[in-house]
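Quick note on our numbering: the sequence shown kicks off at 236 and runs consecutively. In what follows, a structure is listed as structure tokens, so that the remarks can point back to it.
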Amino acid sequence: MDRILIRGGNRLSGRLPISGAKNAALTLMPCALLTEEPLTLRNLPRLADVDGFGHLLNQLGVSTMVEGSRPDEFGRVMTLKAGRLTSTVAPYDIVRKMRASILVLGPLVGRAGEATVSLPGGCAIGNRPIDLHLKAMEALGAEIELAAGYVKAMAPGGRLPGGRVSFPIVSVGATENALMAAVLAKGPSVIENAAREPEIVDLCNCLVAMGASISGIGTETIEIEGRDRLHGATYRVMPDRIEAGSYACAAAITGGSLDLVGVAAADMRATTAALIDAGVTIEEHADFLRVTATNGLSPLTLSTAPFPGFATDMQAQFMAMLCMADGASVLTETIFENRYMHVPELARMGADIQVRGRTAVVRGVDKMIGAPVMATDLRASMSLILAGLAAEGETQVQRVYHLDRGYERLEEKLSAVGADIERVSDG
Ligand code: EPZ
Numbered sequence: 236m237d238r239i240l241i242r243g244g245n246r247l248s249g250r251l252p253i254s255g256a257k258n259a260a261l262t263l264m265p266c267a268l269l270t271e272e273p274l275t276l277r278n279l280p281r282l283a284d285v286d287g288f289g290h291l292l293n294q295l296g297v298s299t300m301v302e303g304s305r306p307d308e309f310g311r312v313m314t315l316k317a318g319r320l321t322s323t324v325a326p327y328d329i330v331r332k333m334r335a336s337i338l339v340l341g342p343l344v345g346r347a348g349e350a351t352v353s354l355p356g357g358c359a360i361g362n363r364p365i366d367l368h369l370k371a372m373e374a375l376g377a378e379i380e381l382a383a384g385y386v387k388a389m390a391p392g393g394r395l396p397g398g399r400v401s402f403p404i405v406s407v408g409a410t411e412n413a414l415m416a417a418v419l420a421k422g423p424s425v426i427e428n429a430a431r432e433p434e435i436v437d438l439c440n441c442l443v444a445m446g447a448s449i450s451g452i453g454t455e456t457i458e459i460e461g462r463d464r465l466h467g468a469t470y471r472v473m474p475d476r477i478e479a480g481s482y483a484c485a486a487a488i489t490g491g492s493l494d495l496v497g498v499a500a501a502d503m504r505a506t507t508a509a510l511i512d513a514g515v516t517i518e519e520h521a522d523f524l525r526v527t528a529t530n531g532l533s534p535l536t537l538s539t540a541p542f543p544g545f546a547t548d549m550q551a552q553f554m555a556m557l558c559m560a561d562g563a564s565v566l567t568e569t570i571f572e573n574r575y576m577h578v579p580e581l582a583r584m585g586a587d588i589q590v591r592g593r594t595a596v597v598r599g600v601d602k603m604i605g606a607p608v609m610a611t612d613l614r615a616s617m618s619l620i621l622a623g624l625a626a627e628g629e630t631q632v633q634r635v636y637h638l639d640r641g642y643e644r645l646e647e648k649l650s651a652v653g654a655d656i657e658r659v660s661d662g
């Protein structure tokens, strides 16, 4: 397994390119299942999860062709083509490694009238149920069977009638599955209490480019007119607002200044508002966001919430940053039940954090000390990288395969703006 070594203390400065969004890519790729024509995705990030999803789609009969690109280029162009599906089964050995695999459920039922998907099981941050995905399929007219660790969804007569999906709580993935199932339904559908994340908007825009009829995009009520078929399209994946927010925290925690190139400022207002409250200067420019630390960081009180609230995917990174604030911060994680796995690892570096239930009190310390630490999940890994950038001495982050799921060429991007960071392979 690879490790990342960081020798902290350098102020970061310069231009840092933001890649395509992982959480958009993972819902755009299964859209290829909805048509027999080619779907070309541009600005697809080079990430382990994107490769994993491509492998899953290959198992279903989708061809995935990646255009050549220069080694120094970020992102890739991938053309996906589901001319003829060879399977409608997402197997356990793939799904257990990447829970986003559940996002083939909706498009498979929409296109083929059936899907058999292994139950994903939990992960480090929570048990991650899929009950809302299944209720959405039923609301659209599918019959659901659970057996031997798999869920089977079938459309009576081979095509979903469509219907009204009303979510009791906001779910990004369940909204995505509902959308991808409804676009090929016989009749109209409505999704109420839909997630409003920018990645949902990106999905809707891609589906519209493929010929879908969707209104209410970006709102909590989305209406879909089912189509008999969709056609291919070429679509550019949106920039990654969580990657951008993570590197904004890197500028803040090192007392530096970074120009985050390519990010859409409108997608990360809750993040930039929190950074400004912490004393960081934010300047919005045409094609970059300038993030500049001033003198010190102020403590914050933050609760995670569905978009447009403060993103749960930014909680761990802010916690690392607030370990260096002048005072006590209070963070409350309202989305996932176990998203504080980074706390004991940050404590090994000298952080002063008390967790009670869903709330963490972070008391700022004068300095953090580099140490060997263990990554446990994607965003927790980034919080350890951030702490290492500010800590005295060397930090060694182990199990960086977690990072490779969501951050394209992280050490290259950070080295280019002054970080003393390297990846060490254990062979
Ligand atoms: C997506 O996960 C993202 N993943 C997550 O990003 C992100 O943290 C999350 O949305 C919230 O924004 C991808 O897009 C691939 P949810 P998802 O359904 O769709 C509960 C990262 O770090 N729930 O919105 O799985 C669930 O347990 C990852 O990039 C049910 O109860 O999240 C959670 O408490 C981590 N039943 C809440 O809803 C269900 O059927 C929100 O989950 C589904 C979800």
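For every residue, glycine included, the Cβ atom is placed at its ideal position computed from N, Cα and C. Just so we're clear, the structure is a prediction, and the values are computed from it rather than from any experiment.
Residue pairing from DSSP places M389 in a beta bridge opposite E349, E378. Counting only unbroken stretches of 3 or more residues, the beta strand (DSSP E) elements lying wholly within the segment 302-329 are 311-316, in sequence order.
E568 has its Cβ no nearer than 7 Å to any heavy atom of ligand 1. When distances are taken from the beta-carbon of V436 to the heavy atoms of ligand 1, even the shortest one reaches 7 Å or more. Using a C-beta cut-off of 8 Å, the segment 303-310 makes no contact with the segment 330-342, since fewer than three inter-stretch Cβ pairs fall below that distance. Selection S406, R399, V418 evaluated against I426 yields R399 as nearest (Cα-Cα).
Of all alpha-carbon atoms in F571, D639, Y575, E627, the one lying nearest the alpha-carbon of S406 is that of F571.
Look at P423 here: in three-state DSSP terms it is strand. The alpha-carbon of L367 is positioned some 40 Å away from that of S660. Annotation for F309 indicates a beta carbon at 7 Å or more from all heavy atoms of ligand 1. Non-local beta-carbon contacts of T594 in its own chain, meaning distances under 6 Å to residues more than five positions away in sequence, involve T567 in chain order.
Cβ-Cβ distances below 6 Å link P265 to L338, V339, P342 in the same chain, with the five nearest sequence neighbours on each side left out; the list follows chain order.
In this structure, the CA atom of R464 is about 17 Å from the CA atom of L263. Contact annotation, L295 with S322: C-beta distance approximately 5 Å; criterion of less than 8 Å satisfied. Taking C-beta separations shorter than 8 Å and ignoring five residues to either side along the sequence, the partners of L557 in its chain run A513, L532, P534, L535, S564, L566, V597, G599, following chain order. Assigned with DSSP and collapsed to three states, E411 falls in helix. By the Cβ test, the segment 463-479 is in contact with the segment 267-284, since at least three Cβ pairs between them sit closer than 8 Å. Here the alpha carbon of R311 sits roughly 7 Å from the alpha carbon of V301. Ranking P541, T539, I488 by CA distance to the CA of A528 puts I488 first.
Between the segment 493-501 and the segment 518-526 there are three or more C-beta pairs closer than 8 Å, enough to call the two in contact.
The alpha carbon of G345 has as its nearest neighbour, out of A417, E373, G376, the alpha carbon of A417.
In this structure, the straight-line span from the alpha carbon of M415 to that of A325 is close to 16 Å. If you look at Y636, you'll find it in the alpha helix (DSSP H) that goes 636-639. H466 is positioned such that its CB atom lies closer than 8 Å to that of E272. When the five nearest sequence neighbours on each side are left out, the beta carbons in the same chain lying within less than 8 Å of the beta carbon of E627 are those of G243, G244, K602, M603, I604, G605, in order along the chain. For L261, the shortest C-beta to heavy atom distance toward ligand 1 is below 7 Å. Its chain contains I241, R242, N245 as the residues whose beta carbon lies nearer than 7 Å to that of D655, once the 5 sequence neighbours on both sides are disregarded; these appear in chain order.
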